[in-house]
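>
There are 2 protein chains.
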Amino acid sequence: MEEQGNLTMLKKERHAFIIKQINLHNKVLSSDLSVQLQVSEDTIRRDLNNLAEEGKILKVHGGALSKSFHSPYQLNEIYAKDSKKEVAQKAIELISEGMVVLTGGGTTMVEMARLIPDELEATFFTVSPLVALELSEHPKLTVILMGGQLSKNAHINIGSKTVTDLMDIKVDLCFLGANGIDLKEGITDSDYEVVQVKKAMIRSAAKVAIMSISEKLESVQKMKVCSLSNLEYLISDLNPDDPKYTAYSEFVKVI
Amino acid sequence: MEEQGNLTMLKKERHAFIIKQINLHNKVLSSDLSVQLQVSEDTIRRDLNNLAEEGKILKVHGGALSKSFHSPYQLNEIYAKDSKKEVAQKAIELISEGMVVLTGGGTTMVEMARLIPDELEATFFTVSPLVALELSEHPKLTVILMGGQLSKNAHINIGSKTVTDLMDIKVDLCFLGANGIDLKEGITDSDYEVVQVKKAMIRSAAKVAIMSISEKLESVQKMKVCSLSNLEYLISDLNPDDPKYTAYSEFVKVI
DNA sequence: AAATATCCTGCAAAGAATTGCATAATTTTT
DNA sequence: AAAAATTATGCAATTCTTTGCAGGATATTT
């Protein structure tokens, strides 16, 4: 994540970087940013003031904090692990204005829902009630929850109704979590009904992105969802040029 | 859950940590916090003073206490919750083994979902993702979430998809919240799309029960959902023989 | 009432923020 | 394309905050 070397970094770029850091770690220090962005602390402070005026961060002595830090929900809130946030952040960068997106469930997906910038206008279909609720906090998104029977464990909607309803939609990009990812076996999962829904989701999407923390690479579950060739993107917390990734990069865009 | 290792902890972070501890244990000791947060007790005391000035905690000799037991506002909140629990409990008593039930959204409905006894085996349809998630914690229930577009405010699914899907189901009993209840005007609500969904829910149900805290009696909203004659039950926190209820008891079973 | 623990006040050092100003970069106008 | 206007950046001097500590005051316990 070397934003340096680029001698001219525009103010807006720095702002974007700062926001990203805050989303990732919930806080930033002026001193750190000064080093990372190679500008004086004065400039950083001015940046932080700008962002605070825009209401995007909470400026405090020494740096700034995520706004959600102060929200009433904060108290019981358990923040996602940084690696999940990283995955979520990378995923969001694939979404562009006006897109129609379909998402599965899981904590990484919930984290993604939280991190979507306020300016983005898009349509989100989801099979997860939890993701739907999180997305519904967003000011500009249209959120459509696919109905169906609730799975006890995965907290997503399943069953024939969900599958047939998915046949009626056509989306630009589908984000899917995965329990198993393997070079030969592709994407695998352990629950029959969940697999059916994931398959239907993939059929409805022009492009599919798998989001997963790197721990799940090289693991295989009982049932196959799809092979790697069905995928467009593989998003994990790894660096795209990580050696663990090279074999995969022949089949999918690794991010 | 140690916040250390992070060499610089900002003041606001400490405050957040302290609040979290107080919510967890109802009290904190300055000496403990000094160790946990790796700052001098003086700093802790200053933090506690800050938080006390902001009215968030109650500072006492040796540390601080949760304020929640002393604030009249909190008491009201708890009281309001109690009356909702009462309504929810009465509603549950209408559900019998094997029934197929349909529910709307709202805090009372969520409360009901929590209180359903573990032994009950039944099928629940709901238009509320929140209620669905709560119901899915139950060991024996089958939960089906009706899909649709998420309403920003009411947190229920709305739109034509929801309405047409509701046409396909037939349930024994439908539980509905209400914003307005009035002898002449019947059940009323303020949002067009919400009203459409509620009407569809009523059409799908053999019997309809309105759940509402008594404050909402004698209030009228802009749009009509149905008249009292369409209802089977009216459930509130009032006693069935309360004088406020007598007029209603000619049209519906008051509980 | 003596011993102990906790609190408060003022102080000094370190770090952070602000201000004004000079300089450089960028955009707009000519 | 040059000139002018605007905006962004870094620096130095000043001011403000935060923090830990010392010593005295105030509680709390025994």
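Which chain is which? The protein sequence lines are A and B, in order. Residue numbers for the first sequence follow my numbering, beginning at 1 and rising by one. Residue numbers for the second sequence follow my numbering, beginning at 256 and rising by one. The C-beta atom is built at its ideal place from N, Cα and C for all residues, glycine as well. Only a predicted model underlies this, so the values are computations on that prediction, with no experimental measurement involved.
Can you check whether the C-beta of Ile399 of chain B is within less than 8 Å of a C-beta belonging to chain A?
Look at Ile399 of chain B: its C-beta is under 8 Å from a C-beta on chain A.
> My parser needs the alpha helix (DSSP H) runs of 4 or more residues fully inside the segment 411-492 of chain B; what are they?
415-422, 447-458
> List the residues that DSSP assigns as beta-bridge partners of Leu102 of chain A.
A:Phe125, A:Cys174
> Relative to the ligand MG, is the shortest distance from any of its heavy atoms to the C-beta of Thr419 of chain B smaller than 7 Å?
This structure lacks the ligand MG, and indeed carries no ligand of any kind.
> With a threshold of 6 Å on Cβ separation, who are the neighbours of Asp427 of chain B within its own chain once the five nearest residues in sequence on each side are excluded?
Hits under 6 Å: Met354, Val355, Ala461.
> Apart from the five residues on each side of it in sequence, which residues of its chain come closer than 7 Å, Cβ to Cβ, to Lys345 of chain B?
Ile490, Ile510
> Keeping to the same chain, check which residues put their C-beta closer than 8 Å to that of Ser83 of chain A; ignore five residues upstream and five downstream.
Ile213, Ser214, Asp237
> Quick check: the Cα distance between Gly317 of chain B and Glu309 of chain B, rounded to an integer number of angstroms?
19 Å
> For a test of the three-state rule: what should DSSP assign to Thr501 of chain B, helix, strand or coil?
helix
> So Ile436 of chain B packs on Leu472 of chain B, CB below 8 Å; how close in whole Å?
5 Å
> Give the DSSP-derived three-state secondary structure of Leu400 of chain B in the structure shown.
strand
> At a Cβ cut of 8 Å, what residues of the segment 121-134 of chain A count as close to chain B, listed as they run along the chain?
Pro129, Leu130, Ala132, Leu133
> Name the residues in the segment 283-312 of chain B whose C-beta lies less than 8 Å from a C-beta of chain A; which are they?
Correct list: empty, as no residue qualifies.
> Could you spell out the range, first to last residue, of the beta strand (DSSP E) harbouring Leu58 of chain A?
58-60
> Suppose you measure from the CA of Glu348 of chain B to the CA of Thr378 of chain B; what does that come to, to the nearest Å?
15 Å
> Should Glu268 of chain B go down as buried or exposed, given a rule of 16 or more other Cβ atoms within 10 Å for buried?
Around the beta-carbon of Glu268 of chain B, 16 or more other beta-carbon atoms lie within 10 Å, marking it buried.
> Which of the three DSSP states is assigned to Val507 of chain B in this structure?
coil
> Return the Cβ separation of Leu431 of chain B and Ala455 of chain B in integer angstroms, given the expectation that the two are a contact with Cβ distance under 8 Å.
Leu431 of chain B to Ala455 of chain B, Cβ: 11 Å. No contact.
> Between which two residues does the alpha helix (DSSP H) harbouring Val365 of chain B extend?
362-370
> Verify the CB distance criterion: does Asp82 of chain A have a CB-CB separation below 8 Å to chain B?
For Asp82 of chain A, no CB of chain B lies under 8 Å from its own CB, so it is not counted at the interface with that chain.
> Just grab the DSSP bridge partners of Gly63 of chain A for me.
A:Leu29, A:Val60
> Listed from N- to C-terminal order along the chain, which residues in the segment 442-455 of chain B have their beta-carbon within a distance smaller than 9 Å of any beta-carbon of chain A?
none
> Hey, Val257 of chain A and Ile156 of chain A: beta-carbon distance below 8 Å or not?
Past the edges of chain A, shown from 1 to 255, lies residue 257 of chain A, and the structure says nothing about it.
> When DSSP labels each residue in this structure, what does Leu349 of chain B get in the three-state scheme?
coil
> At the 8 Å Cβ level, is Gln21 of chain A part of the contact set with chain B, yes or no?
Output row for Gln21 of chain A: interface = no.
> Going by the beta-carbon positions, is the gap between Lys244 of chain A and Val225 of chain A smaller than 8 Å?
no
> Excluding the 5 residues preceding and the 5 following Lys340 of chain B in the sequence, name in chain order all residues of the same chain whose CB lies nearer than 8 Å to its CB.
Glu366, Leu370
> For Ser503 of chain B, count the other beta carbons within 10 Å of its own beta carbon; 16 or more makes it buried, fewer makes it exposed. Which is it?
The sequence given here has Tyr at residue 503 of chain B, not Ser. Looking at its Cβ environment, which holds 16 or more other Cβ atoms inside 10 Å, Tyr503 of chain B is buried.
> Could you tell me the alpha carbon to alpha carbon distance between Val35 of chain A and Arg45 of chain A, rounded to whole angstroms?
13 Å
> How many Å lie between Phe251 of chain A and Thr107 of chain A at the Cα?
26 Å
> Identify which residue in B:Pro495, B:Met401, B:Ile312 has its Cα closest to the Cα of Gly159 of chain A.
Checked all of B:Pro495, B:Met401, B:Ile312; the closest Cα to Gly159 of chain A is B:Met401.
> In terms of alpha-carbon separation, which member of A:Leu135, A:Glu121, A:Pro117, A:Glu97 lies closest to Thr103 of chain A?
A:Leu135
> Strictly below 9 Å CB to CB, what residues from chain B border Leu65 of chain A?
Leu265, Lys267, Glu268, Ala271
> Within 10 Å of its beta-carbon, does Glu352 of chain B have 16 or more other beta-carbons around it, so buried, or fewer, so exposed?
exposed
> So with Cβ pairs under 8 Å, would you call Asn281 of chain B a contact of chain A?
no
> Could you check what DSSP says for Leu37 of chain A in three-state terms: helix, strand or coil?
Three-state result, Leu37 of chain A: helix.
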